[in-house]
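**Student:**
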Amino acid sequence: MTVEQNVLQQHSQKHQQTLLNQLREVTGTTDVQLLQQALQVSNGDLAEAVAFLTEKNAKVPQQDEATYYQTTQVGNDRYISVGSQADTNVIDLTGDDKDDLQRAIALSLEESSRAFRETGITDEEQAISRVLEASIAENKASLKRTHTEVWSDSPNPHDRKRMENCPVGLKNVGNTCWFSAVIQSLFNLLEFQRLVLHYSPPARVQDLPRNQKEHRNLPFMQELRNLFSLMVGSKRKYVDPSRAVEILKDAFKSSESQQQDVSEFTHKLLDWLEDAFQMKAEEDREGEKPKNPMVELFYGRFQAVGVLEGKKFENTEMFGQYPLQVNGFKDLHECLEAAMIEGEIESLHSSAENSAKSGQEHWFTELPPVLTFELSRFEFNQALGRPEKIHNKLEFPSMLYMDRYMDRNREITRIKREEIRRLKEQLTLLQQRLERYLSYGSGPKRFPLADVLQYAMEFASSKPVCTSPLEDLDTSAPPGGTTGQLLPALSTAEQGPSCTLPEGLSPAPTQAPSTQQRVPIHKPFTQSRLPPDLPMHPAPRHITEEELRVLEGCLHRWRSEVENDTHDLQGSISRIHRTIELMYSDKSMMQVPFRLHAVLVHEGQANAGHYWAYIYDPHQQRWMKYNDISVTKSSWEELVRDSFGGYRNASAYCLMYINDKKPFLIEEEFDKETGQMLSGLDKLPSDLKAYVKEDNGLFDKEIEEWDTLQARKAQQEKLALAAATAAAETTTSHQPMSTEPSPPDSWGPQQDPEYMEQPSPTDDSKHLQEDTERAISKAAAEQQEERSPEGLLTAAIKVEYTRLLRFAQEDTAPENDYRLRHVIVYFIHNQAPKKILERTLLMQFADRNLSFDERCKSIMKVARGKLDLVKPEEVNMEEYEMWHQDYRNFRETTIFLMIGLELFQKKCFVEALMYLIYSYQYNRELLVKGLYRGHNDELIGHYRRECLLKLNENAAGMFESGEEPEVCNGLSIMNELVVPCIPLLLVHDTEKDLLAVEDMRNRWCSYLGQEMEPNLQEKLTDFLPKLLDCSTEIKSFHDPPKLPTYSTLELVERYGRVMASLSRVPADGR
0 MTVEQNVLQQ HSQKHQQTLL NQLREVTGTT DVQLLQQALQ VSNGDLAEAV AFLTEKNAKV
60 PQQDEATYYQ TTQVGNDRYI SVGSQADTNV IDLTGDDKDD LQRAIALSLE ESSRAFRETG
120 ITDEEQAISR VLEASIAENK ASLKRTHTEV WSDSPNPHDR KRMENCPVGL KNVGNTCWFS
180 AVIQSLFNLL EFQRLVLHYS PPARVQDLPR NQKEHRNLPF MQELRNLFSL MVGSKRKYVD
240 PSRAVEILKD AFKSSESQQQ DVSEFTHKLL DWLEDAFQMK AEEDREGEKP KNPMVELFYG
300 RFQAVGVLEG KKFENTEMFG QYPLQVNGFK DLHECLEAAM IEGEIESLHS SAENSAKSGQ
360 EHWFTELPPV LTFELSRFEF NQALGRPEKI HNKLEFPSML YMDRYMDRNR EITRIKREEI
420 RRLKEQLTLL QQRLERYLSY GSGPKRFPLA DVLQYAMEFA SSKPVCTSPL EDLDTSAPPG
480 GTTGQLLPAL STAEQGPSCT LPEGLSPAPT QAPSTQQRVP IHKPFTQSRL PPDLPMHPAP
540 RHITEEELRV LEGCLHRWRS EVENDTHDLQ GSISRIHRTI ELMYSDKSMM QVPFRLHAVL
600 VHEGQANAGH YWAYIYDPHQ QRWMKYNDIS VTKSSWEELV RDSFGGYRNA SAYCLMYIND
660 KKPFLIEEEF DKETGQMLSG LDKLPSDLKA YVKEDNGLFD KEIEEWDTLQ ARKAQQEKLA
720 LAAATAAAET TTSHQPMSTE PSPPDSWGPQ QDPEYMEQPS PTDDSKHLQE DTERAISKAA
780 AEQQEERSPE GLLTAAIKVE YTRLLRFAQE DTAPENDYRL RHVIVYFIHN QAPKKILERT
840 LLMQFADRNL SFDERCKSIM KVARGKLDLV KPEEVNMEEY EMWHQDYRNF RETTIFLMIG
900 LELFQKKCFV EALMYLIYSY QYNRELLVKG LYRGHNDELI GHYRRECLLK LNENAAGMFE
960 SGEEPEVCNG LSIMNELVVP CIPLLLVHDT EKDLLAVEDM RNRWCSYLGQ EMEPNLQEKL
1020 TDFLPKLLDC STEIKSFHDP PKLPTYSTLE LVERYGRVMA SLSRVPADGR
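If you're matching positions, the sequence shown starts at 0 in numbering that gives the first Met the number 0 and goes up one per residue.
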């Protein structure tokens, strides 16, 4: 076959596959045989094919085996979709408006067909164009937002600087997490990476591309090379793929937008790369059959072996991504076994030529080095008329042996499959027998037979009772009457051990006083144990010793027999399970190992979600998680939790395995001359090396400009502080103490010793001043004789420290936090160095605002003199400043928390959120340094979480109202407040936060199955990707709310009041 014929045939194959995809999308039918039959009946007319499939009263057509097996005819090498499960249900989409709907479908398909004939662009390609265009539009629109921008890059380039040897992330430029997941998985295949980086366009098309494919593929290849080169050598933590996405968008013009299926994108991406490399291969090997590296890397072949109407056939076919059904299977091998067999295959192993049964098996003849499985986790719900995601758990191994599916092992695999089939039949029979033992009984409630026999033995062995359960109750008494409360009682001593009286005797009449004796009544909710005279459980009334002996013997023997039978059955079942597990464990069936390279994960529902990838790093021998710009170390346990399914809404949708016997796929490149491993820019060809150097230069310049700007700001702040200090010195020069030395500017009283901006010494300074004067007075009163000012200062400092130490050692409730009363209490709690404590106390006694009492003035002078004598090496001023800055941060965090809690209690959730968010963030920064540096993080986390849940509930209620203003307001709350905060809940991975996020997402995803106005559906479709597309990257918020000024007394009082109110409500409202 010539190259031209091959190209035409491939074009025809792809067009036929496109028609099948169109029918599948329009009708929701997943049955490939039915779709092919519809195309054959309609002679390729899509409108007639849709009419055929949507005929309201049509019966399920009998399978046309000739049509179904048309792919098996010799010479048909088209690419096919394999492994699909037959679905016998025909979807009725017509309803009452059958004619209108069919006309609309016909017009739509006619338009699609015309577009394809005119432009050569398929609907599949246009769908990709729509989502790409939506992504670019979202990225451009984000630049025009006027509200608080939380999706922007951090303004500080140091936050965006790549750590050494850390992989580079990809920025999500608007619903493009699917692009990031696929590209990262391919980039980390080092052979694929080398092919892309060293790709050069054919020389004959460098000046003027010949056709539309070249117009599309060559610019995209260049942008992909640029993107890969930045991922190799960039100094940035993450890079922007917008230009590559822009190229794809420009290639397909469309004004619509929709969520793109990632498996289709991956398929088309490889198609585009295959076309690009095909052009290069044809140029490099003129006259020979060209080898396409993309085909060599990602495509394999299998042998279809089957029987059609009693006639055997074999045919070789090519495959790329291998689709597997998930529903109904527990692990990957079960999926593969089901995909490799279609139809009834009993006749494959018989020699009967006249058998009417038909079926086929698939056997791999050639596996690609990169084996990709597409897990079908989406199915069309015919009742609801919409797609749904399958959340079932599906296990897959890190090492997959493919020997059992190879054509060369066909016969031995058939033998083993037959043996497994026989073992499973035995297993089913044994499990049925075991079930009869474990679920015994004829009623709706069943119990293990061994337990039933044990209970019967316990009943028989119980001490006989002498009365019936109702004998001591007057059942004739009216409800609520007094008769039932005054019951005649016979003591055990009077009644005797027997239940009957001796013959001829009757009970003596009871006296009046005894009839008034109350019988104890058991009260199950107020009485901790049963009355002693009430039996623990029922017991037989009449049983002789002989009867009990015989019955106990029988029950013991039967129970032992049942337990032995159950144990034998369980042992046999375990052995069969083990035999099946080890069926393919011999060395001859472990010669084709494929190691798991990447797992692409989807979280969300069928219509919206977020994508990320787990990729194995063979050099570090660990898993890495690629979540947009975030690249973090991970583990197999985390991968299993997120990928197997059954946990939350996350599960794998694509598995990428690589041949473990072909190390070139992941081997690094070495310098041919030096033998050294190439890394960084050394891996790049000259043109890309220059491109990356230019981008790194721009980033270096950005960092330099930022540093210069910050230095200028710091200098300006320093000058402003110096000017303020000079003004303060001028003001104090008119006071009597102006000749005294002043302490350092940062800690003079004019800078507010209580760390909040106070305009005068009438509040905080006055309060601190009173504490100081009391300490001086107490120290003076304790002295036996008059002391010097220096001795009195020492004694006063000791008195004040003792008072504060007592506060620090006192165990108080949260509303009485003594750390807010004085900085020394905070320092003692956090074990500050002694020198820090001494200087802080000395600063307190050096306050110029002490009263003009001569004793206080003299002590102030001594304290200021001691401060001047302190040498720089004696007290580390940087450490001193750091401790006091931490205390300022602690007070600021307290104010954020206090205001947030007050607003939360007033149900002002919008206003409360930012205060709670910042209090939590600042508090965590404090707690990193020590347990007592901040407040209880669980308390703050609880109210932060509750505030988000309340906002989500309110916003959902607004959306449900359906009123346009309410809907817009609700979505605005979600977009501007809730969605930006979700990564803050995910970053620390606490169980309650994860559940809260799941609750919020599920609330909105639940609307997908409900009927609503088209405009609401459009808004929901636009919003859901933002809600679900939340990585653990912390987006930068704008400035925190401006805090009001509080004196220490005000802060202590208000904080105590709000914390006391919390102690009166449940700790967790969820």
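Cβ coordinates follow ideal geometry from the N, Cα and C atoms, glycine included.
Taking the alpha carbon of Glu295 as the reference point, which residue from Val304, Glu281, Glu273 has its own alpha carbon closest?
**Tutor:** By 1-based counting over the sequence shown, the position of residue 295 is 296. Of Val304, Glu281, Glu273, the residue nearest in Cα terms is Glu273.
**Student:** Counting C-beta neighbours from all protein chains within 10 Å, is the total for Arg943 16 or more, i.e. buried, or is it exposed?
**Tutor:** Taking the sequence shown and counting its residues from 1, the one referred to as residue 943 is at position 944. Buried, since its Cβ has 16 or more Cβ neighbours within 10 Å.
**Student:** Compare the C-alpha of Glu891 against each of Trp622, Leu1042, Asn326, Val172 and name the closest.
**Tutor:** Start at 1 with the first residue of the sequence shown, and residue 891 comes out as number 892. For the residues Trp622, Leu1042, Asn326, Val172, the minimum Cα distance to Glu891 belongs to Leu1042.
**Student:** Who are Met623's beta bridge partners in DSSP?
**Tutor:** As a position in the sequence shown, residue 623 is number 624, starting the count at 1. DSSP output for Met623 lists Ile614, Lys632 as bridge partner(s).
**Student:** Within the same chain, show all residues whose beta-carbon is closer than 7 Å to that of Leu804, passing over the 5 residues directly before and after it, in chain order.
**Tutor:** Within the sequence shown, the letter at position 805 stands for residue 804. Here the set comprises Ile827.
**Student:** Would you check if there are 3 or more beta carbon pairs closer than 8 Å linking the segment 623-630 to the segment 566-579?
**Tutor:** Touching, no, given that fewer than three Cβ pairs across the two stretches are closer than 8 Å.
**Student:** Could you name each continuous alpha helix (DSSP H) segment of 4 residues or more that falls completely within the segment 537-620, going from the start of the chain to the end?
**Tutor:** Whole alpha helix (DSSP H) segments, 4+ residues: 544-580.
**Student:** Quick check on the DSSP output: the beta strand (DSSP E) that includes Asn314 runs from which residue to which?
**Tutor:** Residue 314 sits at position 315 when you count from the first residue of the sequence shown. Asn314 -> beta strand (DSSP E) spans 310-318.
**Student:** State the DSSP-derived secondary structure class of Arg1053, mapped to helix, strand or coil.
**Tutor:** Residue mapping note: residue 1053 aligns to position 1054 of the sequence shown, counting from 1. Helix, per DSSP.
**Student:** Quick check on Thr673: does DSSP put it in helix, strand or coil?
**Tutor:** What you label residue 673 is simply residue 674 of the sequence shown in a count that begins at 1. Reduced to three states, the DSSP call for Thr673 is coil.
**Student:** On the criterion of 16 or more Cβ atoms from any shown chain inside 10 Å, does Glu799 qualify as buried, or is it exposed?
**Tutor:** Here residue 799 corresponds to residue number 800 of the sequence shown, with the count starting at 1. Buried, by the Cβ-count rule.
**Student:** Quick check on Pro443 - is its C-beta less than 9 Å from some C-beta in chain B?
**Tutor:** Structure shown: chain B not included; a single protein chain is present.
**Student:** Would you kindly work out how many angstroms separate the C-alpha atoms of Arg413 and Ala338, rounded to a whole number?
**Tutor:** Here residue 413 refers to the residue found at position 414 when the sequence shown is read from its first residue. Here residue 338 refers to the residue found at position 339 when the sequence shown is read from its first residue. Roughly 15 Å separates the two Cα atoms.
**Student:** Note down, in chain order, each residue of its chain lying with its Cβ closer than 7 Å to the Cβ of Val195, except the 5 sequence neighbours on either side.
**Tutor:** Here residue 195 refers to the residue found at position 196 of the sequence shown. Correct list, in chain order: Leu223, Arg224, Phe227.
**Student:** Would His596 and Tyr615 be called neighbours here (beta carbons separated by less than 9 Å)?
**Tutor:** Counting from one through the sequence shown, the residue named residue 596 turns up at place 597. Counting from one through the sequence shown, the residue named residue 615 turns up at place 616. Yes, they are a contact pair.
**Student:** If you count every other CB in all the chains shown that lies within 10 Å of the CB of Glu636, and 16 or more means buried, which is it?
**Tutor:** Taking the sequence shown and counting its residues from 1, the one referred to as residue 636 is at position 637. Under this definition Glu636 is an exposed residue.
**Student:** Under the assumption that Ala605 contacts Glu373 (Cβ atoms under 8 Å), give the Cβ distance between them as a whole number of angstroms.
**Tutor:** Counting from one through the sequence shown, the residue named residue 605 turns up at place 606. Counting from one through the sequence shown, the residue named residue 373 turns up at place 374. Not confirmed; about 15 Å, so no contact.
**Student:** Between the segment 867-886 and the segment 805-817, can you find at least three pairs of beta-carbon atoms closer than 8 Å?
**Tutor:** Not touching, per the Cβ criterion.
**Student:** Could you please give the first and the last residue of the uninterrupted alpha helix (DSSP H) stretch that includes Phe844?
**Tutor:** Counted from its first residue, the sequence shown places residue 844 at position 845. Phe844 -> alpha helix (DSSP H) spans 833-844.
**Student:** Using 10 angstroms around the beta-carbon of Glu546, count the other beta-carbons present and answer buried if the total reaches 16, otherwise exposed.
**Tutor:** Walking along the sequence shown from the start, residue 546 turns up at place 547. That one is exposed.
**Student:** What did DSSP end up calling Leu1061 once you bin it into helix, strand or coil?
**Tutor:** Taking the first residue of the sequence shown as position 1, residue 1061 is located at position 1062. Helix at Leu1061.
**Student:** Give the straight-line distance between the Cα atoms of Leu1026 and His157, rounded to the nearest whole angstrom.
**Tutor:** Position 1027 of the sequence shown, counted from the start, is the residue given in the question as residue 1026. Position 158 of the sequence shown, counted from the start, is the residue given in the question as residue 157. Rounded to whole angstroms, Leu1026 to His157 spans 28 Å at the Cα level.
**Student:** Going by C-alpha to C-alpha distance, which of Ala721, Ile419, Gln425 sits closest to Leu568?
**Tutor:** Taking the first residue of the sequence shown as 1, we reach residue 568 at position 569. Closest option to Leu568, Cα to Cα, is Gln425.
**Student:** Identify which residue in Lys586, Lys212, Asn164, Asn326 has its Cα closest to the Cα of Asn1127.
**Tutor:** For the chain, the structure presents residues 0 to 1069; residue 1127 sits outside this window and is missing.
**Student:** Considering only residues of the same chain and omitting the five flanking positions on each side of Arg161, which have a CB-CB separation below 7 Å?
**Tutor:** Within the sequence shown, the letter at position 162 stands for residue 161. So the list reads Val167, Ser233, Lys234, Arg235, Lys236, once near-sequence residues are dropped.
**Student:** Out of Pro592, Asp816, Glu418, which has the shortest C-alpha to C-alpha gap to Arg1056?
**Tutor:** Here residue 1056 refers to the residue found at position 1057 when the sequence shown is read from its first residue. The shortest Cα separation from Arg1056 among Pro592, Asp816, Glu418 belongs to Asp816.
**Student:** Output the distance between the C-alpha atoms of Gln431 and Thr565, rounded to the nearest integer angstrom.
**Tutor:** For the purposes of this step, residue 431 is taken as residue 432 along the sequence shown, with counting starting at 1. For the purposes of this step, residue 565 is taken as residue 566 along the sequence shown, with counting starting at 1. Answer to the nearest angstrom: the Cα atoms are 12 Å apart.
**Student:** Can you give the Cα-Cα distance for Met588 and Thr315, rounded to whole angstroms?
**Tutor:** In the sequence shown, the residue the question calls residue 588 occupies position 589. In the sequence shown, the residue the question calls residue 315 occupies position 316. Met588 and Thr315: Cα-Cα distance of roughly 23 Å.
**Student:** Excluding the five sequence neighbours on either side, which residues of its own chain have a C-beta within less than 8 Å of the C-beta of Phe643, listed in chain order?
**Tutor:** On the sequence shown, position 644 is the one that residue 643 refers to. Lys392, Leu393, Glu394, Phe395, Ser650, Ala651.
**Student:** Kindly indicate which residue of Ile246, Leu268, Asn216 has the alpha-carbon position closest to the one of Ile182.
**Tutor:** Counted from its first residue, the sequence shown places residue 182 at position 183. The shortest Cα separation from Ile182 among Ile246, Leu268, Asn216 belongs to Leu268.
**Student:** Which of helix, strand or coil does DSSP assign to Cys334?
**Tutor:** Along the sequence shown, read from residue 1 onward, the residue named residue 334 stands at position 335. Cys334: helix per DSSP, three-state reduction.
**Student:** Which runs of the beta strand (DSSP E) spanning at least 3 residues fall entirely within the segment 651-712, listed in chain order?
**Tutor:** Qualifying beta strand (DSSP E) stretches: none in this window.
**Student:** Thr1044 by DSSP, collapsed to three states: which one?
**Tutor:** Along the sequence shown, one-based indexing puts residue 1044 at 1045. In the structure shown, Thr1044 sits in coil (DSSP, three-state: anything other than H, G, I, E or B).
**Student:** How many Å lie between Leu448 and Arg416 at the Cα?
**Tutor:** Here residue 448 refers to the residue found at position 449 of the sequence shown. Here residue 416 refers to the residue found at position 417 of the sequence shown. Each residue's Cα considered, the two are about 35 Å apart.
**Student:** By a C-beta neighbour count over all protein chains shown, 10 Å radius and 16 as the cutoff for buried, is Ala713 buried or exposed?
**Tutor:** As a working mapping, residue 713 is identified with position 714 in the sequence shown. By the neighbour-count rule (16 or more Cβ atoms within 10 Å), Ala713 is not buried but exposed.
**Student:** Does the beta-carbon of Tyr1054 have 16 or more other beta-carbons within 10 angstroms, so that it is buried, or is it exposed?
**Tutor:** Against the sequence shown, residue 1054 aligns to sequence position 1055. Buried is the call here.
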